[in-house]
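2 protein chains.
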Amino acid sequence: MCLVNGETQDHLPIQDRGLHYGDGLFETMAVAGSKVRFLDKHFERLEWGCARLGIVAPGRDVLRSEIASLSGAAGKAVIKLIVTRGASKRGYRPDPMSEPTRILTVHPWPEYPQRCYEGIDARICETRSGINPALAGVKHLNRLEQVLATREWSGERVREGIMRDVNGRVVGGTMSNVFMCCTGELVTPQITECGVRGVMRGVVIELARRRGIVVSERRVELEDMLQGDEIFFTNTLIGIWPAVRIDNEKFAVGPMTRALMQDLASLGVAACAGRA
Amino acid sequence: MCLVNGETQDHLPIQDRGLHYGDGLFETMAVAGSKVRFLDKHFERLEWGCARLGIVAPGRDVLRSEIASLSGAAGKAVIKLIVTRGASKRGYRPDPMSEPTRILTVHPWPEYPQRCYEGIDARICETRSGINPALAGVKHLNRLEQVLATREWSGERVREGIMRDVNGRVVGGTMSNVFMCCTGELVTPQITECGVRGVMRGVVIELARRRGIVVSERRVELEDMLQGDEIFFTNTLIGIWPAVRIDNEKFAVGPMTRALMQDLASLGVAACAGRA
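The listed protein sequences correspond, in order, to chains F and L. Going by the numbering used here, the first residue of the first sequence is number 197, and it counts up by one from there. Going by the numbering used here, the first residue of the second sequence is number 197, and it counts up by one from there.
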């Protein structure tokens with residue numbers, strides 16, 4: 197099921213700048229009980245990203261109504277929203293008359309195995325993230341780095357890869373943000389030079405602060421991360437996945453990770469497989 | 197006129213990874229006298245880029261035949277080829293069973309004004325290019341940086357913008373490569389950290405070396421470029437455009453630029469407006 201600018205349609209005009217230049221953004225949203233979780237936070241990030249790229253964000257009312265028409269029957273599912281700058285003639289310069297394109301698609305809920313919530317194996321990727329403050333944080337459509345990073349391994353044993361920037365600092369997972377707990381403090385890489393401003397990242401930071409935990413967004417060197425007491429990954433669909441292994445380093449699922457997983461569960465976010 | 201995997205079609209399935217992640221590459225080709233100029237060089241770059249991204253390149257014979265069917269009637273035109281990794285389920289990791297998508301479109305020849313060949317005004321862009329050796333040189337679909345750079349100015353007076361990388365070094369124009377002549381040597385930024393391996397860049401390097409000119413591909417600081425004796429831009433469609441002004445710095449169209457423009461003209465590449 198797919199809506200393009202409100203019309204049921206499974207294709208896109210070839211002229212769309214989303215295809216030609218990755219000139220757009222996306223949101224991946226969790227539908228549970230026919231409702232999108234953290235919908236306003238997704239809208240906020242989308243609008244912030246659109247402003248950064250100079251794309252007119254679709255109105256919330258239009259999106260709410262289109263999302264409702266897709267999620268109503270879905271129960272538990274994933275809705276992906278893509279907003280592009282629309283169609284234009286050939287050439288990088290946008291046509292100021294272009295109308296943005298909005299694309300909504302529904303996808304089956306990924307039934308992650310229970311063991312992901314008990315702790316996953318992750319790896320350090322060779323593929324780096326380029327540094328560009330102009331794009332940092334934005335969930336834009338230029339995702340070749342993530343694609344290449346996920347091609348570095350196959351199989352189900354390793355569930356996530358950690359990406360570093362070209363200077364060697366930790367950026368996050370290929371499809372997630374990463375947190376480490378370090379002597380009572382919660383640390384996550386800053387997203388001022390690269391990385392994505394994850395919605396679940398924001399939720400977890402809020403939850404931690406409500407618990408009185410000091411949260412620090414800063415540059416994280418790989419060796420510092422690997423010396424952390426606990427490490428976990430976040431994204432909208434998975435909630436929190438603790439890391440029990442990163443390459444050959446082993447980690448325990450510690451009390452801070454467990455507490456934040458409980459907080460998320462109380463918001464209705466899966467802390468174990470099968471829970472909405 | 198548009199061919200998608202050989203079929204006349206003006207749209208693309210929503211699931212295509214070219215849209216979702218910019219997971220693909222493109223070539224912009226000049227058609228003159230119903231033939232694509234430097235077609236083998238475009239094929240070489242495409243195949244090199246596909247290998248870098250792990251995408252199976254379309255066969256040359258298929259492409260030749262499809263391009264011929266589009267260019268035959270075109271006379272003087274632009275043909276754009278996009279190759280994506282094809283459709284897949286949601287998620288960065290490619291589906292090894294995906295079949296790449298090839299898209300060919302024909303566009304009107306851009307009739308650049310004569311004065312562009314006498315020298316253009318250019319500007320230094322604020323938008324930077326991120327550094328990523330894994331993607332450097334490849335003409336991939338992740339082009340948000342170029343899009344944002346071209347949004348920095350409007351109007352026809354300024355014809356090109358010079359982009360720097362995040363460390364301040366010169367990368368090239370938004371839609372071109374850049375060369376400077378410096379005491380008899382021809383210098384162009386190396387493309388090992390960012391930038392595009394332009395087909396016309398390669399042609400001009402070859403032509404210069406045939407003339408016995410020393411060509412150096414290296415890191416270029418902005419201030420060094422601005423102290424060059426001559427500066428010019430290259431791409432497949434424009435050939436060579438000399439710079440006569442970059443922001444407030446003025447430049448002359450010098451003998452090395454003129455000689456290389458003549459060499460290009462002898463290969464049939466426009467050295468002035470209206471010439472094929």
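All C-beta atoms, glycine included, are put in the ideal place defined by N, C-alpha and C. Note that this is a predicted model, so its numbers are computed, not measured.
Near F/V200, which residues of its chain fall below 6 Å by C-beta distance, leaving aside the five closest residues on each side in sequence? I299
Quick check on L/I387 - is its C-beta less than 9 Å from some C-beta in chain F? no
To the nearest angstrom, how far is the alpha carbon of L/T453 from that of F/L221? 41 Å
Between which residues of its own chain and L/L433 is the CB-CB distance below 6 Å, once the five residues before and five after are set aside? A226
Answer yes or no: do L/F375 and L/R405 have a C-beta to C-beta separation smaller than 9 Å? no
Chain F residues whose Cβ lies nearer than 8 Å to that of L/D219: R339, L340 and V343
Per DSSP, the bridge partner or partners of L/R441: L/D317 and L/K446
Going by other Cβ atoms of all chains shown within 10 Å of its Cβ, with 16 needed for buried, is F/L331 buried or exposed? buried
C-alpha distance - L/V456 paired with F/D420, whole-angstrom precision: The sequence given here has Leu at residue 456 of chain L, not Val. Approximately 53 Å between the Cα atoms of the pair.
Residues of chain L with a CB under 8 Å from the CB of F/M371: which are they? G287 and Y288
Excluding the 5 residues flanking F/R471 on each side, which residues of the same chain have their C-beta closer than 6 Å to its C-beta? Here the model assigns F/R471 a pLDDT of 46, short of 50, so the residue's position is not dependable, and the following value carries that caveat. Cβ within range, chain order: n/a, list empty.
Please name the residue in L/G380, L/R415 and L/E417 whose C-alpha comes closest to that of L/I409. L/G380
Taking F/A318 and F/I442 to be in contact with their CB atoms under 8 Å, please state how far apart those CB atoms are, rounded to whole angstroms. 5 Å
Helix, strand or coil: which one does DSSP assign to F/A234? It is worth fixing the name first, because residue 234 of chain F is Phe in this sequence and not Ala. F/F234 falls in the coil class under three-state DSSP.
Alpha carbon to alpha carbon, how far is L/G218 from L/A466? Give it in angstroms, no decimals. For L/A466 and L/G218, the distance between alpha carbons rounds to 31 Å.
For L/T204, is the classification buried or exposed, using 16 other Cβ atoms within 10 angstroms of its Cβ as the cut-off for buried? exposed
Comparing the C-beta of F/L215 with each C-beta of chain L, is any distance below 9 Å? Answer yes: the Cβ-Cβ gap between F/L215 and chain L drops below 9 Å somewhere.
I'd like to know if L/F222 contacts chain F, where contact means its C-beta is closer than 9 Å to some C-beta of that chain. yes
Could you check the C-alpha separation between L/R339 and F/P451 for me, to the nearest Å? 43 Å
Alpha-carbon to alpha-carbon, L/K335 and L/E477: In the structure as shown, chain L starts at 197 and stops at 472, and residue 477 of chain L therefore has no counterpart that could be examined.
Taking just the CA atoms, how far does F/K237 sit from F/T263? Per the sequence shown, the amino acid found at residue 263 of chain F is Ile instead of Thr. The C-alpha of F/K237 is placed about 15 Å away from the C-alpha of F/I263.
Give a yes or no on whether 9 Å exceeds the smallest Cβ distance from L/S267 to chain F. False, the Cβ-Cβ gap to chain F never drops below 9 Å.
How many angstroms separate the CA atom of F/I401 from the CA atom of F/E295? 35 Å
7 Å Cβ cut-off: residues of chain F touching L/P209: Against chain F, the beta carbon of L/P209 has neighbours under 7 Å at D206 and H207, listed in chain order.
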